[in-house]
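A short worksheet on the structure shown next.
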Amino acid sequence: MTRSRIIAAALAVALTGLAGCSAGESVDVDGGSTAAGSAGGTLTAAIGGEPDQLDPHRTSAYYSFQVLENVYDTLVEPDADLKMGPALAAKWTTSSDQLTWTFTLREGVRFSDGSPLTAQDVVYSYQRIINEKLNAAYKFATVKTVTAPDPATVVITLTAPTPNLLANLGGFKGVAIVQRSNVESGAIKTRPVGSGPFTVASYTSGDTIKLTRNDAYWGPKPKLDGVTFTFVKDPTVALQNLRGGEVQWTDNLPPQQVPALKEDGAVTVATTPSTDYWYLALNEARKPYDDVNVRRAVAFALDREAITKAAKFGQATANQTAIPKGSSWYYDYTPYRHDPDQARQLLGQAGVTGRTLDLMVTSEYPETVTAAQVIAAQLKDVGITVKIRTLDFAQWLDEQGKGNFDAFLLGWLGNIDPDEFYYAQHRTGGTFNFHGYSNPAVDTLLDQARTQTDEGVRRQTYERAAKQIVDDASYIYLYNPDVVQGWSAKVTGYQVRTDRAIRFRDVTLNR
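Per mature numbering (1 follows the signal peptide of the UniProt record, and there is no 0), the sequence shown runs over residues -19 to -1, 1 to 492.
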């Protein structure tokens, strides 16, 4: 949920070549770390809400991953163009049949408590995700075995070629390499032990999470002494704190003020197209939303341009499919126009009149509240009364998991491979298919696409799946937002990323 990440990286480049290396090809980088960077003070970052927990394998909250991006490592990781490259793994090879991947770990990597990180930690982390069926388990669907023949080598065998394996192993910190003792003690929820550039020093619920520099980090040592994350729900307050110097970075800016902020120069404000999408989901386990005509009626009743303008003030692009227009995987399909008459006709065919709809939103994502107000006005025009239920994000996640909603609004953040846009959300029984969608034809297409090595065939398969998902109104897609972030003039070395990964490891705070 998922899942701001001004580099205007062309997504056409960003989302191609994610398999990393072809059969028999190897990738290598120089290992080792550089001399320690000079201390640079503590940067204070204002994020829009509090993490639900800091266990990377169990959380699905973006606020958690904003912190965890700076604490954990993955086997591989995306660069600024979202091309997967080395991280904990210095090199890897693939067999000629693409069913065996062999990763060689960097030498001398340690967790932040000083204990060595070995191949067995990689095996433990992946088996934990798979065996406990945690959030990212769907990314390992084709994984047959994960073994550690020696402390520096990880071997992954597959049941079928998997062109997006590298993206699955490093696209986000939900597949991070964790320390077994930290998990078994339960401390991982609030005091995680990773191998990343910073370590969690303290977590004060409702207030702050404080990170300090990990001087044992295998890469170039961070210049900052630490990072303090504060939780500021109100974008206006976050902006005031940034202008006043109480914080030096935030991604919680009032969208209506972004154009003016870019012009005044008092703070740096940068934007770039994202790989995110925002959507409305109707609960198909409840009548009448199990009827595709009712869902299509809602889709026809909505004016996406008006919703996008109200929620994002020009910092987003309306879209009827998931993948944004800048991507080479974009599928141009727009079957729904704003047509209240068509919506009323479909509702009449379904026998639905005078319906009240419970729409669940969260105050920690204010745009969902704003969008819900516009949606309520538009659905009222076709005879549906919307009752907006605003919850804090922890309550929202609990209600979503229980299926206690007619509809909800939210977004998926930081997607890389097409599989991440569709599989877990729309395959029958998918990890994040909370709305109960099921179509055997879509299941078949999604299963085929994730193991298809011919990119042209894979693209066509995803387009067929996307068309059916949109026709079925499984999700009613609304828009692709821009990444918008702001920081103090004292901050240098920070880059806005299309995948919303918040990385402070290269940042300097000038005094």
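Note that CB positions come from ideal geometry on N, CA and C, so glycine has one too. Computed from a predicted structure; not experimentally measured.
Under 8 Å, Cβ to Cβ, is there at least one residue of chain B near residue i?
| i | result |
| --- | --- |
| Ala430 | The structure shown contains no chain B; it is built from a single protein chain. |
Is the beta carbon of residue i sitting closer than 8 Å to the one on residue j?
| i | j | result |
| --- | --- | --- |
| Leu459 | Ala446 | no |
| Ala422 | Thr412 | no |
| Ile28 | Tyr53 | no |
| Leu139 | Lys125 | yes |
| Asp387 | Leu263 | yes |
| residue 502 | Tyr317 | Here the chain comprises residues numbered -19 to 492, so residue 502 is not present and cannot be evaluated. |
| Gly307 | Pro254 | yes |
| Ser282 | Gln359 | The sequence given here places Ala at residue 282; Ser does not occur at that position. Yes, the pair counts as a contact, with Cβ atoms nearer than the cut-off. |
| Thr185 | Gly207 | no |
| Thr351 | Ala292 | yes |
| residue 493 | Val135 | Lying outside -19 to 492, the shown extent of the chain, residue 493 is not represented and no answer is given. |
| Leu86 | Leu69 | yes |
| Leu205 | Gly21 | yes |
| Phe212 | Asn51 | no |
| Gly30 | Lys268 | no |
| Val104 | Ala129 | yes |
To which residues of the same chain is residue i closer than 6 Å at the C-beta, ignoring the five residues directly before and after it?
| i | result |
| --- | --- |
| Arg172 | Val181 |
| Tyr346 | none |
| Ala117 | Ile110, Gly155 and Val156 |
| Arg431 | Asp400 |
| Val228 | Thr25, Ala27 and Asn222 |
| Gly332 | none |
| Leu49 | Pro37 and Lys154 |
| Pro132 | Thr99 and Ala100 |
| Ser14 | Only weak support exists for where Ser14 lies, its pLDDT of 37 falling under 50; the value from the coordinates is given anyway. Result list for Ser14: Trp199 and Gly200, in chain order. |
| Ala299 | Arg285, Glu286, Thr289 and Tyr460 |
| Ile190 | Val48, Tyr184 and Phe210 |
| Tyr456 | Tyr260 and Ala262 |
| Thr123 | Leu139, Thr140, Ala141 and Thr143 |
| residue 501 | Past the boundaries of the shown model lies residue 501; the chain is included only from -19 to 492, so the question cannot be answered. |
| Asp424 | Arg408 and Thr409 |
| Thr489 | Gly21, Lys204, Thr473 and Gly474 |
| Gln160 | Phe92 and Val174 |
My guess is that residue i and residue j are in contact by the Cβ rule of under 8 Å, so how many angstroms apart are they, rounded?
| i | j | result |
| --- | --- | --- |
| Met65 | Gly177 | Between Gly177 and Met65 the Cβ distance is about 17 Å, and since that is not below 8 Å, they are no contact. |
| Asn461 | Pro305 | 4 Å |
| Ile158 | Ser106 | 5 Å |
| Thr209 | Thr40 | The Cβ separation is near 20 Å, so there is no contact. |
| Ile369 | Ala353 | 5 Å |
| Asp257 | Gly395 | 7 Å |
| Pro314 | Gln301 | It should be noted that the sequence gives Tyr, not Pro, for residue 314. Correct: roughly 6 Å between the Cβ atoms. |
| Ile397 | Pro67 | That belief does not hold up - the Cβ atoms of Ile397 and Pro67 are roughly 16 Å apart, past 8 Å. |
| Val367 | Leu327 | At roughly 17 Å, the Cβ-Cβ gap does not stay under 8 Å, so Val367 and Leu327 are not in contact. |
| Asn149 | Lys120 | 4 Å |
So, at 7 Å on beta carbons, what are the nonlocal neighbours of residue i in its own chain, with the 5 sequence-adjacent residues on each side left out?
| i | result |
| --- | --- |
| Thr349 | Val342, Thr343, Leu390 and Leu391 |
| Ala297 | Thr289, Tyr460, Asn461, Pro462 and Asp463 |
| Asn491 | Lys471 and Thr473 |
| Gly417 | Asn264, Glu265 and Ala266 |
| Glu380 | Met341, Leu372 and Phe386 |
| residue 572 | Because residue 572 is not part of the residues shown, which for the chain are -19 to 492, the question remains open. |
| Gly384 | Asn264, Ala266 and Phe415 |
Given residue i, which residues of its chain have a CB within under 8 Å of its CB, disregarding the five upstream and five downstream residues?
| i | result |
| --- | --- |
| Ala454 | Leu263, Val273, Arg276, Arg277, Val279 and Ala280 |
| Val248 | Leu223, Arg224, Leu242, Gly467, Trp468, Ser469 and Ala470 |
| residue 539 | In this structure the chain extends from -19 to 492, so residue 539 is not present and cannot be described. |
| Gly382 | Phe415 |
| Tyr312 | Thr302, Ile304, Tyr443, Glu444, Ala447 and Lys448 |
Task: Runs of alpha helix (DSSP H) lying entirely within the stretch 419 to 481, each at least 4 residues, in chain order - done: 421 to 430 and 436 to 452, all fully within the stretch 419 to 481.
Open item on the list: What ranges does the beta strand (DSSP E) occupy inside the stretch 73 to 150, keeping only unbroken runs of at least 3 residues that lie completely in it?
Closed with: Runs found: 81 to 86, 124 to 131 and 134 to 139.
TODO: Identify every run of the alpha helix (DSSP H) within the stretch 288 to 340, keeping only runs that are complete inside it and at least 4 residues long; order them along the chain.
DONE: Segments of the alpha helix (DSSP H) lying fully in the stretch 288 to 340: 321 to 330.
Open item on the list: Report the start-end ranges of each beta strand (DSSP E) in the stretch 147 to 211 that is 3 residues or longer and not cut off at the edges.
Closed with: For the stretch 147 to 211, the continuous beta strand (DSSP E) assignments of 3+ residues that do not extend past its boundaries occur at 179 to 185 and 189 to 194, in sequence order.
Task: Continuous beta strand (DSSP E) assignments of at least 3 residues falling wholly in the stretch 380 to 411 - done: DSSP runs (the beta strand (DSSP E)) wholly in the stretch 380 to 411: 388 to 393.
- [ ] Taking only runs that begin and end inside the stretch 239 to 286, name each unbroken alpha helix (DSSP H) of 4 or more residues, in chain order.
- [x] Taking only runs of at least 4 residues, the alpha helix (DSSP H) segments lying wholly in the stretch 239 to 286 are 239 to 245 and 273 to 282.
TODO: Could you say if the stretch 184 to 204 and the stretch 85 to 93 meet the contact criterion of at least three C-beta pairs nearer than 8 Å?
DONE: As far as the Cβ criterion goes, the stretch 184 to 204 touches the stretch 85 to 93, which means the pair count is three or higher.
Open item on the list: Check whether the stretch 434 to 449 and the stretch 476 to 491 touch, using three or more Cβ-Cβ pairs below 8 Å as the test.
Closed with: Contact fails: fewer than three Cβ-Cβ distances are below 8 Å.
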